[in-house]
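Numbering (this note's numbering), first residue to last: 15 to 445.
Idealized CB from N, CA, C, for every residue including glycine.
Have a look at the structure below before the remarks.
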Ligand SMILES: [Zn+2]
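See below:
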């Protein structure tokens, strides 16, 4: 599903064309977390591999029945398999690899559960043993920078220097960047031609080159001349760190800039064809986001649900009261999230409903309003107080880690400062 979405977006990107971007370098730095390549889990010996793919409706048992295994062996095999996974839940397309020694001795079978896990069955005496084997992964760090000539998608997804990465992974990196900058910038509305970005991204990679996950280590986005920074800091090393700016202030704010994830927003509005709200939001008193029906809508800030009802032209709507005199309003919902009722407390980012076209709407979209002390405000322009700074007891650690983090960015040439020339020089040097 995720991938299909990404592909759809890529298709849009391809159509829009005019990719304007450049890349600094893609070098795994030795001094940063890098576990290197993990040795193969098993060495392939002189065995013959026979790979089957489960067809729709076909079971593992049926596949075994076609093998020369005796019936009791088949039973033992399935028993051992059940210790690790349910044979009934295998999807069509599951790879089942028979490992033969010689012509007729089946020594083992690998069943791929998902891209990250394989159930490995090995013959032991008269029976079978099973184990779950994790697909080996390695970690590296990607550096990229560029200027945005049209939209962010084009700049990152079309970044020539990232051509090694599967297109879906490039799209995924934009999602990570959106998560990092979601309190500062609405990627769908505020990115302008001439803006620039630099980021260092640590990724976990499977042997086939696809990305299993990762996170932004350091990022800079220059939006209309204003630079935003986000540096990852995880003092306890438990993965629960957060992002801070250059002054050690958290990038978090009381409100997200937008109530939908950037990857869920379709480009119809930003293309200006559907409803050029950006220029006349005052008259409109809200922001519209086109998205597929059913797309989750997030509360932009913590608060209490004030209204949850069908309200005329607004359709199904949720209204949330926040601190500091703020109220936010979400219209045209197809439905409400479970547990969201008048009086419910919701946290920032919590799903409150799903995009629809109830009320006065010509297509599925979200109408979002932000009101402060009774007056409509522009959610993208509102200044919000900064988040919590780096905790005092972690300050020394922060001060020590920030240098290397910043170096990650600074090793890339500022995309706004004659980047193209530098790149040519580098290429010539390396010949
Ligand atoms: Zn609207």
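Sequence-distant Cβ neighbours of residue 198 in its own chain, meaning closer than 6 Å and more than five residues away, are 242. By the beta-carbon neighbour count (other beta carbons within 10 angstroms, threshold 16), residue 140 is exposed.
In the three-state DSSP reduction, residue 162 falls in the coil class, being neither helix nor strand. When C-alpha distances from residue 232 are compared across 226, 245, 223, the shortest belongs to 245. In the pairwise beta carbon analysis, the segment 306-317 is classified as touching the segment 350-369: at least three pairs are separated by under 8 Å. When secondary structure is reduced to three states using DSSP, residue 95 falls in the helix class. Under the three-pair Cβ rule at 8 Å, the segment 121-137 counts as touching the segment 104-113. Taking a 10 Å sphere around the C-beta of residue 146, we find fewer than 16 other C-beta atoms and assign the residue as exposed. When rounded, the separation of the alpha-carbon atoms in residue 389 and residue 312 is 22 Å. Fully contained in the segment 209-276 are the following beta strand (DSSP E) runs of length 3 or more, in chain order: 210-219, 225-237, 240-247, 256-258. In this structure, ligand 1 has no non-hydrogen atom nearer than 7 Å to the beta-carbon of residue 392. Taking 7 Å as the cut-off, one finds at least one heavy atom of ligand 1 near enough to the beta carbon of residue 300.
Looking at the DSSP output, residue 143 shares a beta bridge with 136. Distances from the alpha-carbon of residue 72 to those of 277, 89, 106 put 106 closest.
Contact between residue 204 and residue 270 does not hold, since their C-beta atoms are separated by about 13 Å, which reaches or exceeds 8 Å. Beyond the five residues adjoining it in sequence on each side, residue 421 comes within less than 7 Å, by CB distance, of no other residue in the same chain.
For residue 374, the three-state secondary structure derived from DSSP is coil. The beta carbons of residue 158 and residue 175 sit closer together than 8 Å. Within the chosen limit of 7 Å, ligand 1 does not reach the beta carbon of residue 66 with any heavy atom. Between residue 267 and residue 398, the gap from beta carbon to beta carbon is short of 8 Å. In the three-state scheme derived from DSSP, where H, G and I count as helix and E and B as strand, residue 154 is classed as strand. At least one heavy atom of ligand 1 falls within 7 Å of the beta-carbon of residue 381.
The Cβ atoms of residue 84 and residue 144 do not sit closer than 8 Å to each other. Rounded to the nearest whole angstrom, the C-alpha separation of residue 148 and residue 392 is 48 Å. DSSP places residue 305 within a strand segment (E or B) once states are collapsed to three. Counting along the chain, residue 415 sits inside no beta strand (DSSP E); it lies in the alpha helix (DSSP H) bounded by residues 409-424. Per DSSP, the unbroken alpha helix (DSSP H) holding residue 183 starts and ends at 181-195. The beta-carbon distance between residue 346 and residue 373, rounded to whole angstroms, is 5 Å. This is short enough to meet the 8 Å contact definition.
DSSP places residue 75 inside the alpha helix (DSSP H), whose first and last residues are 74-79. For the pair residue 387 and residue 340, the Cα-to-Cα distance works out to about 7 Å. The DSSP-derived three-state label of residue 402 is coil. Using a Cβ-Cβ distance cut-off of 8 Å, the segment 213-233 and the segment 405-424 are in contact, since at least three pairs of beta carbons, one from each stretch, lie closer than that value.
In the DSSP assignment, residue 111 falls within the unbroken beta strand (DSSP E) covering 109-115.
Residue 310 carries a strand assignment under DSSP once its states are collapsed to helix, strand and coil. The beta-carbon separation of residue 202 and residue 276, rounded to 6 Å, stays under the 8 Å limit for a contact.
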